[in-house]
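Here the protein sequences line up with chains A and D, keeping their order. So for the first sequence, the UniProt record's numbering puts the first residue at 1; every next one is plus one. So for the second sequence, the UniProt record's numbering puts the first residue at 1; every next one is plus one. Idealized CB from N, CA, C, for every residue including glycine. Worksheet: one structure, shown below.
2 protein chains.
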Amino acid sequence: MSRHPIQIKLSEGKKEKPDPTTLVFGRNFTDHMFVADFDEGRGWHSHRIVPYAPVTLDPASIVLHYGQTVFEGMKAYKSDDGSVRLFRPEENMKRMNMSLDRLCMPRINEEQALHALTQLIQIEKDWIPTTWGTSLYIRPFVIANEAFLGVAPAKKYQFYIILSPVGSYYKEGIHPIRILVENEFVRAVKGGTGGAKTAGNYASGLKAQQVADQKGYSQVMWLDGVERKYVEEVGSMNIFFKINGEVITPAINGSILEGITRKSILQLLRHWNIPVFERKISIDEIKEAYENGVLEEVFGTGTAAVISPVGELNWDGYKMIVNDNMTGPLAKQLFDTLSNIQNGKEMDPFGWVLQLNNEIAKLA
Amino acid sequence: MSRHPIQIKLSEGKKEKPDPTTLVFGRNFTDHMFVADFDEGRGWHSHRIVPYAPVTLDPASIVLHYGQTVFEGMKAYKSDDGSVRLFRPEENMKRMNMSLDRLCMPRINEEQALHALTQLIQIEKDWIPTTWGTSLYIRPFVIANEAFLGVAPAKKYQFYIILSPVGSYYKEGIHPIRILVENEFVRAVKGGTGGAKTAGNYASGLKAQQVADQKGYSQVMWLDGVERKYVEEVGSMNIFFKINGEVITPAINGSILEGITRKSILQLLRHWNIPVFERKISIDEIKEAYENGVLEEVFGTGTAAVISPVGELNWDGYKMIVNDNMTGPLAKQLFDTLSNIQNGKEMDPFGWVLQLNNEIAKLA
Ligand SMILES: Cc1ncc(COP(=O)(O)O)c(C=O)c1O
Ligand SMILES: Cc1ncc(COP(=O)(O)O)c(C=O)c1O
């Protein structure tokens with residue numbers, strides 16, 4: 001398939017860049033964005049990089065009523081030498097296509113999308129903060145913008161990529177979070193959309209998160225919707241347990257989002273010859289391990305925090321304090337290794353990193 | 001609570017009204033819409049009726065990424081004498097608040113919303129078609145329009161009401177539809193958002209609907225997500241079974257949307273002293289009734305079609321032909337009675353109808 005040309009229209013003025021030391025997540029956006037349109041019969045067209053500007057939608061647009069939309073999330077990192085790195089971006093484009101399939105939306109051309117992304121980042125590279133832990137968060141998303149109130153897949157879509165400089169997840173170094181095990185609300189169930197990165201999964205989680213916040217917990221751990229006993233995932237992270245020297249993470253089952261960080265952690269652990277299993281794991285098994293003193297570490301994995309050690313799990317009032325509420329050695333090692341690979345401070349033995357300065361020439 | 005004033009700005013030109021005989025669902029919209037804004041700390045404000053125009057959203061708006069949005073659907077009917085009727089609109093506003101609660105969104109003032117709606121309909125009354133079976137479909141909806149990529153309830157929202165003249169659901173009179181019982185996909189599960197009228201529930205149903213379409217079935221019947229055996233509902237309708245002289249509809253359980261048509265049908269049946277039960281009903285029970293020759297009628301209920309008789313249920317290849325694939329007498333009677341009440345052709349013994357010409361004066 002030949003690549004569509006990308007029209008570029010640069011913005012007249014430039015926004016002031018935010019102070020990298022006080023950056024928060026998802027509040028600041030760069031000067032430009034990428035947009036493409038889809039019309040049934042014509043396919044994707046009008047690929048363009050334009051000044052960051054509002055989306056104009058008919059009030060009857062399908063996305064506003066029936067949630068036909070998917071998104072992705074990844075990061076670009078800039079090293080002190082000015083080199084820019086993306087972490088496995090082709091995995092995000094692949095996952096976006098899986099999500100698009102599930103939502104009856106048209107696939108994007110992954111190679112074309114990656115090209116558009118690298119072009120956009122090239123234009124916005126001054127927006128990538130360099131302080132350790134900061135990065136440029138990348139949000140590709142597709143919305144159904146046909147004006148029609150019937151419940152049916154749209155015939156018109158838009159694909160956007162927007163960029164947001166984000167701060168370090170850990171202002172004072174990596175530290176453990178407290179997690180509430182959710183007994184009332186369910187995020188997703190087999191046969192539903194839990195395996196896709198789509199709006200409804202996040203909307204449905206808001207209520208449980210609100211309750212957790214009120215109780216002083218920063219995240220919710222979801223159990224499966226059928227038996228209400230098998231661990232699924234945590235907020236915007238997959239979850240890992242180290243029990244008696246073995247690492248366990250819930251197997252992909254259709255209702256869990258398959259994280260790219262999760263995938264990379266599995267690869268790293270296997271590379272290090274640490275025994276690791278993808279399987280069902282019940283909250284009872286975790287409690288039992290805790291009572292037997294063999295629940296050694298618990299940590300979440302995701303693009304935002306990379307690794308998030310868990311210091312406390314509260315299951316219906318029963319509190320499990322993990323590793324004395326301190327970051328465990330495995331979580332620390334994984335965090336350091338992955339962060340260093342992402343930032344170009346450590347060799348990348350897996351071919352995960354796409355270094356832009358060289359790649360752009362190759363892709364263009 | 002004192003009512004907010006509604007600013008009215010009329011459109012300069014008027015769109016051409018569509019031919020009532022060829023009207024389809026949800027494609028044509030009237031000249032004006034109602035809008036109000038919400039900001040945390042300030043509450044709902046700037047209530048206004050303005051020319052129908054695009055919604056302008058920051059590309060990072062929460063609704064586009066995390067699906068924080070709810071909607072409602074109801075109809076206005078115009079009689080030959082020019083009188084305009086709404087069917088239980090206060091029930092829709094109440095349900096909208098229930099949905100808003102589930103999605104961590106701010107409640108609307110139901111009385112104020114109803115007032116806004118009647119004002120808007122007053123302005124657009126020439127848009128209400130009068131041919132039997134046609135009506136003005138009303139779509140209130142609330143979207144989260146804060147620009148923030150964090151997964152958290154928004155601090156900014158917009159409430160819209162748009163109107164769409166719609167054709168008769170039955171071009172050639174009421175007739176039965178074919179329904180596929182869904183075994184693979186799940187719409188909603190206890191603990192999820194199935195009981196709310198929110199985007200994600202509809203997005204998750206698209207795939208199953210697409211498969212049904214390809215097989216020549218017009219709707220999907222959902223089974224529960226836990227045991228995969230209890231009937232939930234059908235597309236945008238609740239479902240009723242007449243078995244051996246008794247009428248059964250699945251009980252509200254947290255994953256089924258509580259339809260206002262359903263509620264009205266229950267009231268009508270009780271009024272007529274027809275035995276009716278809200279309880280769990282499994283697909284096996286329906287199959288058994290069919291085999292014993294006592295599955296007398298099956299019909300869906302919802303705002304769009306009022307009553308939709310079901311002529312065939314296909315469960316994994318096992319086809320149940322209901323009432324010789326003809327509209328049953330109970331479905332017919334319910335359809336006629338409810339349609340007549342809605343259109344003002346029959347006495348309304350339940351106080352369901354809000355007749356606008358009188359009510360507007362009362363509300364204003
Ligand atoms: C629900 C959910 N689970 C897990 C993850 C982790 O995925 P990744 O490692 O690709 O960031 C995310 C995303 O970021 C998520 O939204
Ligand atoms: C999922 C779903 N179930 C049932 C119904 C029926 O509800 P009502 O009778 O209020 O139209 C609807 C809506 O129209 C719906 O969207």
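Note down, in chain order, every chain D residue with its Cβ under 9 Å from the Cβ of Met33 of chain A. Taking the first residue of the first sequence as position 1, residue 33 of chain A is located at position 33. Per Cβ cutoff of 9 Å: Pro59.
Measure the C-alpha to C-alpha separation of Val142 of chain A and Ser135 of chain D and round it to an integer number of angstroms. Against the first sequence, residue 142 of chain A aligns to sequence position 142. Against the second sequence, residue 135 of chain D aligns to sequence position 135. Between the C-alpha atoms of Val142 of chain A and Ser135 of chain D there is a straight-line separation of about 33 Å.
Using DSSP bridges, identify the partner residues of Val306 of chain A. Residue mapping note: residue 306 of chain A aligns to position 306 of the first sequence, counting from 1. Answer by DSSP bridge pairing, in chain order: A:Gly302.
Under the three-state reduction of DSSP, which class applies to Ala212 of chain D: helix, strand or coil? Translated into positions along the second sequence, residue 212 of chain D becomes position 212. Three-state DSSP puts Ala212 of chain D in a helix.
Does at least one heavy atom of ligand 1 sit under 7 Å from the Cβ of Leu23 of chain D? Against the second sequence, residue 23 of chain D aligns to sequence position 23. No, Cβ of Leu23 of chain D sits at least 7 Å from all heavy atoms of ligand 1.
Counting only beta-carbon atoms, is Pro54 of chain A nearer than 8 Å to chain D? For the purposes of this step, residue 54 of chain A is taken as residue 54 along the first sequence, with counting starting at 1. At least one C-beta of chain D is nearer than 8 Å to the C-beta of Pro54 of chain A.
Listed from N- to C-terminal order along the chain, which residues in the region 187-208 of chain A have their beta-carbon within a distance smaller than 8 Å of any beta-carbon of chain D? Within the region 187-208 of chain A, the residues whose Cβ lies closer than 8 Å to some Cβ of chain D are Arg187, Ala188, Val189, Lys190, Gly191, Gly192, Thr193, Thr198, Ala199, Gly200, Asn201, Tyr202, Ala203, Ser204, Gly205, Leu206 and Lys207, listed in chain order.
Does Ser308 of chain D come within less than 8 Å of chain A when only Cβ atoms are used? The residue labelled residue 308 of chain D in the question sits at position 308 within the second sequence. Among the CB atoms of chain A, none fall inside 8 Å of the CB of Ser308 of chain D.
Under 8 Å, do Ile307 of chain D and Phe277 of chain D count as touching if we go by C-beta distance? As a position in the second sequence, residue 307 of chain D is number 307, starting the count at 1. As a position in the second sequence, residue 277 of chain D is number 277, starting the count at 1. Their beta carbons are not under 8 Å apart, which means Ile307 of chain D does not touch Phe277 of chain D by this criterion.
Please list the segments of the beta strand (DSSP E) lying wholly inside the region 89-176 of chain D, counting only runs of 3 or more residues, in order along the chain. Correct list: 135-144 and 156-166.
With distances taken between CB atoms, is the gap from Tyr160 of chain D to Val50 of chain D smaller than 8 Å? The residue labelled residue 160 of chain D in the question sits at position 160 within the second sequence. The residue labelled residue 50 of chain D in the question sits at position 50 within the second sequence. Not in contact: Tyr160 of chain D and Val50 of chain D (Cβ atoms no closer than 8 Å).
I'd like the list of long-range same chain contacts for Asp19 of chain D, defined as Cβ closer than 8 Å, with 5 residues on each side in sequence excluded. As a first step, residue 19 of chain D is located in the second sequence; it is residue number 19 there, counting from the start. Non-local beta-carbon contacts of Asp19 of chain D in its own chain, meaning distances under 8 Å to residues more than five positions away in sequence, are absent.
Tell me the DSSP secondary structure of Tyr52 of chain A in three-state form. Taking the first sequence and counting its residues from 1, the one referred to as residue 52 of chain A is at position 52. DSSP places Tyr52 of chain A in the coil class of the three-state scheme, outside both helix and strand.
Roughly how many angstroms separate the alpha carbons of Glu72 of chain D and Ala203 of chain D, rounded to a whole number? Your numbering for residue 72 of chain D matches position 72 in the second sequence. Your numbering for residue 203 of chain D matches position 203 in the second sequence. The straight-line gap from Cα to Cα measures roughly 16 Å.
Do Gly300 of chain A and Met347 of chain A come within 8 Å of each other at the CB atom, strictly closer than that value? Along the first sequence, one-based indexing puts residue 347 of chain A at 347. Along the first sequence, one-based indexing puts residue 300 of chain A at 300. No; because the gap between Cβ atoms is not below 8 Å, this pair is not in contact.
Counting Cβ pairs closer than 8 Å, one from the region 270-289 of chain D and one from the region 243-253 of chain D, do we hit at least three? Contact between the region 270-289 of chain D and the region 243-253 of chain D is present: 3 or more CB-CB pairs across the two stretches fall below 8 Å.
Take Asp31 of chain D and list the residues in its own chain whose beta-carbon comes closer than 7 Å to its own, dropping the five residues that flank it on each side. Taking the second sequence and counting its residues from 1, the one referred to as residue 31 of chain D is at position 31. Closer than 7 Å at Cβ, skipping near neighbours: Ser11, Lys14, Lys15, Pro51, Tyr52 and Glu124.
Do Glu91 of chain A and Ile260 of chain A have their C-beta atoms closer together than 8 Å? Within the first sequence, residue 91 of chain A is the residue found at index 91, counting from 1. Within the first sequence, residue 260 of chain A is the residue found at index 260, counting from 1. Yes, these two residues count as a Cβ contact at 8 Å.
Distance, Val84 of chain A Cα to Ala208 of chain D Cα: Indexing the second sequence from 1 puts residue 208 of chain D at position 208. Indexing the first sequence from 1 puts residue 84 of chain A at position 84. Using only the alpha carbons, I get a separation of about 42 Å.
Which same chain residues, not among the five before or five after Leu363 of chain D, have their C-beta less than 6 Å away from its C-beta? Within the second sequence, numbered from 1, the residue matching residue 363 of chain D stands at position 363. Any answer about Leu363 of chain D is weak, because its pLDDT of 44 lies below 50 and its placement is not dependable; what the coordinates show is given next. Counting only residues of its own chain and dropping the five nearest sequence neighbours on each side, Leu363 of chain D has a CB closer than 6 Å to the CB of His115 and Thr118.
Unbroken beta strand (DSSP E) run spanning Tyr318 of chain A, endpoints: Along the first sequence, one-based indexing puts residue 318 of chain A at 318. Its beta strand (DSSP E) spans residues Tyr318 to Ile321.
According to DSSP, simplified to helix, strand and coil, what is Ala361 of chain D? Looking up residue 361 of chain D in the second sequence gives position 361. Legend: pLDDT at Ala361 of chain D = 44, less than 50; position of this residue unreliable, no value from coordinates given.
Chain D residues whose Cβ lies nearer than 8 Å to that of His65 of chain A: In the first sequence, residue 65 of chain A corresponds to position 65, counting from 1. Taking a Cβ-Cβ cut-off of 8 Å, the neighbours of His65 of chain A in chain D comprise Thr69, Phe71, Arg139, Phe141, Ala199 and Tyr202, given in sequence order.
What are the start and end residues of the alpha helix (DSSP H) that includes Ala42 of chain A? In the first sequence, residue 42 of chain A corresponds to position 42, counting from 1. Note on residue identity: the sequence assigns Arg, not Ala, to residue 42 of chain A. That residue, Arg42 of chain A, is in no alpha helix (DSSP H); it is neither H nor E in DSSP.
Where do the ends of the alpha helix (DSSP H) carrying Asn238 of chain D lie? Within the second sequence, numbered from 1, the residue matching residue 238 of chain D stands at position 238. Taken as a continuous stretch (DSSP letters only), Asn238 of chain D belongs to no alpha helix (DSSP H), being part of the beta strand (DSSP E) at Asn238 to Ile243.
Selection from A:Lys78, A:Asp81 and A:Met74 that minimises the alpha carbon distance to Lys94 of chain A: Locating residue 94 of chain A in the first sequence gives position 94, where the first residue counts as 1. The shortest C-alpha separation from Lys94 of chain A is found at A:Met74.
Please find out if some non-hydrogen atom of ligand 2 comes closer than 7 Å to the beta-carbon of Thr69 of chain D. Within the second sequence, residue 69 of chain D is the residue found at index 69, counting from 1. In this structure, the C-beta of Thr69 of chain D stays at least 7 Å away from each heavy atom of ligand 2.
Using 10 angstroms around the beta-carbon of Asp126 of chain A, count the other beta-carbons present and answer buried if the total reaches 16, otherwise exposed. Walking along the first sequence from the start, residue 126 of chain A turns up at place 126. Sixteen is the threshold: since fewer than 16 other Cβ atoms of the shown chains lie within 10 Å of the Cβ of Asp126 of chain A, the residue is exposed.
According to a CB-to-CB cut-off of less than 7 Å, which residues of the region 8-21 of chain A neighbour chain D? So the list is empty, because no residue satisfies the distance condition.
Measuring only the C-alpha atoms, how far is Ala199 of chain D from Ala154 of chain D? Locating residue 199 of chain D in the second sequence gives position 199, where the first residue counts as 1. Locating residue 154 of chain D in the second sequence gives position 154, where the first residue counts as 1. It is roughly 16 Å from the alpha-carbon of Ala199 of chain D to the alpha-carbon of Ala154 of chain D.
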